[in-house]
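Let me begin by presenting the structure, written as structure tokens, before commenting on it.
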Amino acid sequence: MVSRDFHWPRQYEFVRKYVRDCEVCQHVMPSPSSRVPLQPLPIPAEFWKSVSMDFVFGFPKDFHKNTGILVFGDRFSKMVRLVAVPESITAQVCARDFIDTIFRLHGLPRELVSDRDSRLTAEF
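If you read the sequence shown in the UniProt record's numbering, its first letter stands for residue 1, the second for the next number, and so on.
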């Protein structure tokens with residue numbers, strides 16, 4: 001944020017030292033031991049054999065009181081299927097949407113990739 005509006009010599013060093021010595025910054029920033037190293041996912045070779053799923057919330061309510069979207073994405077083609085969902089979606093409803101939206105049209109994928117959202121890990 002600082003570099004967007006200001007610049008001075010050795011600005012990076014100053015900001016780095018400030019963040020290192022800032023008590024609030026240290027409480028907010030995750031510790032190095034709690035960070036899990038990311039692993040790249042292998043590139044799929046077929047359509048709809050590796051499917052990613054995620055939620056997007058914050059939309060205005062529709063006439064069914066849905067405020068979110070469940071996004072299913074084919075990692076090979078980048079094609080997506082979208083399902084309108086309520087904020088209070090359960091893992092059971094999510095599984096039903098998966099069956100109705102992906103399995104019914106494309107069969108069972110080999111991989112299902114998610115960010116381990118609590119809505120998914122609760123009962124899925």
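The beta-carbon is built from N, C-alpha and C at its ideal position, and this holds for glycine as well.
- At the C-beta level, V83 and D74 stay beyond 9 Å of one another.
- Contact between the segment 106-124 and the segment 49-66 is established, with three or more Cβ pairs separated by less than 8 Å.
- Between F103 and V93, the alpha-carbon positions lie close to 14 Å from each other.
- S52: not part of any alpha helix (DSSP H); member of the beta strand (DSSP E) spanning S50 to F57, first to last residue.
- Collapsing the DSSP output to three states places R75 in coil.
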